[in-house]
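First residue of the sequence shown: 1, per the UniProt record's numbering; consecutive thereafter.
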Amino acid sequence: MMTYEYILVRYGEMTTKGKNRSKFVSTLKDNVKFKLKKFPNIKIDATHDRMYIQLNGEDHEAISERLKDVFGIHKFNLAMKVPSELEDIKKGALAAFLQVKDDVKTFKITVHRSDKRFPMKTMELLPEIGGHILENTEDITVDVHNPDVNVRIEIRSGYSYIMCGEHMGAGGLPVGVGGKVMVLLSGGIDSPVATYLTMKRGVSVEAVHFHSPPFTSERAKQKVIDLAQELTKYCKRVTLHLVPFTEVQKTINKEIPSSYSMTVMRRMMMRITERIAEERNALAITTGESLGQVASQTLDSMHTINEVTNYPVIRPLITMDKLEIIKIAEEIGTYDISIRPYEDCCTVFTPASPATKPKREKANRFEAKYDFTPLIDEAVANKETIVLQTVEVVAEEDKFEELF
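Dropping the structure here:
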């Protein structure tokens with residue numbers, strides 16, 4: 001019985017790249033290899049236009065599930081490889097069709113002749129292959145407009161690929177082609193989604209989390225670690241910097257008027273994050289802010305907060321409403337972690353009436369009354385840094401170490 005031997009991966013936005021396309025392809029190949037470490041028998045061949053994953057007996061369903069989380073992949077198909085002879089192609093098309101598990105009533109055939117020397121034209125092949133499937137099945141009809149299954153055939157020199165069961169990839173660009181950013185990762189719903197969308201643009205991320213013991217608990221800290229761990233599904237690793245913020249917040253609460261305490265707190269976070277970004281060679285800062293969602297996320301607030309950093313501040317969620325953000329959070333697996341009832345530092349000393357239109361001049365005047373520099377230095381110096389990888393990769397590495 002013929003079985004699937006390959007997975008054919010089609011690139012997405014990468015196809016629009018010019019001279020540096022080889023870099024994108026190479027990075028995607030590395031990311032796929034890392035994601036599929038658990039499958040030692042596979043062989044990956046990445047060409048200019050496609051990626052071919054030879055299964056060599058590995059579980060194609062398990063591999064397919066992992067490929068769905070790799071940025072840079074537009075679509076992928078399970079494929080059989082047969083000689084480029086008409087009878088072999090017909091047999092392969094039937095075998096691929098019969099392996100579709102869903103309830104199927106209609107199909108169509110799509111033929112792409114990469115090898116123009118093949119003796120039959122596309123319009124000659126369609127009835128030959130489609131007729132063979134109809135002759136060997138029951139209660140099946142052709143529907144060229146809205147079929148249940150599209151049997152795709154790529155005819156190449158010497159061999160052909162036959163595909164069924166198209167899967168959507170994650171889209172975007174391969175993580176690692178677009179530099180590095182520092183993400184402000186709270187324990188809420190928004191910032192993990194912002195992290196995900198930043199990675200989707202091919203950017204590597206490191207996360208900064210501010211915690212304020214004893215006002216924030218160890219469980220709140222663990223929630224953020226769990227969020228970062230969940231996000232490793234979409235990249236090789238997430239480096240998380242846990243910054244002690246208690247003394248900064250206590251001083252803000254004491255020295256800054258309450259209406260400006262939220263604004264000044266965010267400005268301090270930006271200053272500290274910029275310092276860490278400089279240490280780690282990051283090129284920008286990402287936040288989970290959504291315009292107008294809370295008092296600190298008005299245009300006036302962002303204008304005043306942005307003043308303290310020279311780094312670009314990327315806000316992927318800026319025009320999204322809460323329901324759109326929640327939908328993505330549910331899809332990427334972070335929502336259930338984010339709603340655990342543990343407070344983060346942003347809820348500590350929350351003012352009753354925060355300024356929604358804070359002015360730079362006032363913020364600077366309030367901050368000038370106290371020298372925050374030593375507190376910022378201390379927070380940066382005392383940060384805790386942990387590197388998180390996917391659980392399966394860590395388990396494989398631990399298993400390898402046990403051999404020695």
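Just so you know, even glycine gets a beta-carbon here, dropped at the ideal spot from N, CA and C.
Model, not experiment: these values are computed from the prediction.
Secondary structure of S186 (DSSP, three-state): coil. If you draw a straight line from the Cα of L134 to the Cα of K33, it comes to about 39 angstroms.
N382 sits close to P244, with the two beta carbons spaced by under 8 angstroms. Excluding the 5 residues flanking it on each side, P213 has same chain C-beta neighbours closer than 7 angstroms at T246, in chain order. T286 and D103 have their C-alpha atoms spaced approximately 45 angstroms apart. Cβ neighbours of K75 within its own chain (closer than 7 angstroms, five residues either side excluded): R10, E166, H167, M168 and G169. In the three-state scheme derived from DSSP, where H, G and I count as helix and E and B as strand, N253 is classed as helix.
Exposure of D321 is indicated by the presence of fewer than 16 other C-beta atoms within 10 angstroms of its C-beta. The beta-carbon distance between V151 and F118, rounded to whole angstroms, is 17 angstroms. This is too long to meet the 8 angstroms contact definition. For C235, the secondary structure class from DSSP, reduced to helix, strand or coil, is coil.
Counting the other Cβ atoms within 10 Å of the Cβ of P174 gives 16 or more, which makes it buried. Listed as beta-bridge partners of E154 by DSSP are H112 and Y161.
In chain order, T232 place their CB closer than 6 angstroms to the CB of T390, counting only its own chain and leaving out the 5 sequence neighbours on each side.
In the structure shown, S217 falls within a coil segment according to DSSP collapsed to helix, strand and coil. Taking every protein chain shown into account, the CB of K90 has 16 or more other CB atoms within 10 angstroms, so this residue is buried. Rounded to whole angstroms, the separation of the alpha carbons of K81 and Y234 is 30 angstroms.
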